[in-house]
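Number 183 in this note's numbering belongs to position 202 of the sequence shown; there are no gaps in the numbering.
Worksheet: one structure, shown below.
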Amino acid sequence: IAMVVGMALLGAFSVLLSGPLKRMAKAAYRMAKGDYEERLAITGRDEIGELAVSFNRMAEAVEEKVEALSDAAREKEDFVANFAHELKTPLTSIIGYADMMYQRELPRETVRDASWYIWNEGMRLESLSLKLMDLAVLGRQDFSLQEMAADELLQDVAEGLRPVVQEREIAFRLEAEPAYIKVDYDLLKTLLLNLVDNSMKAGGRRITLLGRLTETGYEVSVEDDGCGMEEEALSRITEAFYMVDKARSRQQHGAGLGLALAERIARVHGCELTFRSRKGEGTRVSFCLDCEKDGVGDEEEED
């Protein structure tokens, strides 16, 4: 009788001791399968309980590491997609100017101008690739902003777009008041090209690039007469991979990344994109930069 009772007690103690260990083993197996939210219930303060606490801490650390790795991989994918997206407009300008030089007999001055735009866009792409890496992958925000003439920058954007708008028969208008703004040239030009590219994708036949002095700074806006957007779409328009019209975006090789990148560039310059749109009537996107009415240009004129 004593032996039977002893064996029964040993069996009960064995179950009590091995049960939590088996649950830990099953939890570890599920974590190995990818269930990183697995946690153990802590039922006591003995050695088994302490082991369960340690297991839960380990599970939390593993989950955090996996999330960090996933975020890093997603950021790298976004960078590749962003860079591929940004190649389109400069390459279109480069191809347009190169085709013009190849197909026509042009005056030497025109050839020099076209060659300069090809060289300028090539250099910008080289610089832009590094800055997009800093912006999209490393999350850098402390870019060095340099003072430059706003009207000259907007004129440069318009000249780069000339082959594109001519090919698509779009009436493009530029109005730029003179002022001096502190910007990163490559990033701000990328922002503006994205806004104009979106206007063209929206079916705009008339696009206006406007720069004007206001009480709060230098307002830059891009306005079109395209298809416009519903009110509910405006709150999500800067989300990565969000597309208002998926069918049209895919047809035009859009990925829903242009405005997401533009919003990040705007924040680098201490401002935000403001959208105003109505379905069937077009869209207006604007942002306001800090500016100096009297800047480097005035000093040069005095000299």
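Here a beta-carbon is modelled for each residue, glycine too, at the ideal position from N, C-alpha and C.
Keep in mind the model is a prediction, meaning the values are calculated, not measured.
With the cut-off set at 8 Å, would you say residue i and residue j are in Cβ contact?
i	j	result
Leu126	Lys170	no
Ser202	Val249	no
Tyr166	Leu134	yes
Cys208	Gly141	no
Gly263	Glu212	no
Thr189	Arg154	yes
Let me confirm a value: residue i is counted as buried when at least 16 other C-beta atoms fall within 10 Å, else exposed. Which label applies?
i	result
Lys182	buried
Glu31	exposed
Glu19	buried
Leu50	exposed
Leu(-10)	exposed
Arg11	exposed
Lys227	For Lys227, the predicted model reports a pLDDT of 41, less than 50, meaning its position is unreliable; a value from the coordinates is still stated below. With fewer than 16 Cβ atoms within 10 Å of its Cβ, Lys227 is classed as exposed.
Leu2	exposed
Assuming residue i contacts residue j under a Cβ cut-off of 8 Å, what Cβ separation, rounded to an integer in Å, is found between them?
i	j	result
Val146	Leu173	The pair is not a contact, with the Cβ atoms about 13 Å apart (cut-off 8 Å).
Tyr78	Ala95	4 Å
Ala33	Leu21	4 Å
Note down the Cα distance separating residue i from residue j, rounded to an integer number of angstroms.
i	j	result
Asp271	Thr255	16 Å
Pro144	Arg259	29 Å
Gly198	Arg186	29 Å
Asp16	Asp123	38 Å
Arg89	Glu128	32 Å
Keeping to the same chain, check which residues put their C-beta closer than 6 Å to that of residue i; ignore five residues upstream and five downstream.
i	result
Glu273	Tyr161
Leu191	Glu156 and Ser202
Asp132	Ala157 and Pro159
Glu44	Tyr17
Please go through the same chain and pick out, in chain order, the residues whose beta-carbon is closer than 8 Å to the beta-carbon of residue i, but skip the five residues on each side of it.
i	result
Ile218	Met210, Val225, Leu240 and Phe256
Please return the same chain residues whose Cβ sits closer than 7 Å to the Cβ of residue i, not counting the five positions on each side in sequence.
i	result
Ala(-7)	none
Ala243	Leu172, Asn175, Leu176 and Leu254
Met92	Before going further, note that residue 92 is Val rather than Met in the sequence given. Cβ neighbours of Val92 beyond the five flanking positions: Met82.
Phe268	Val201, Ala247, Cys252, Glu253, Leu254 and Thr255
Glu102	Pro71, Ser74, Ile75 and Gly141
Ala152	Arg186 and Arg187
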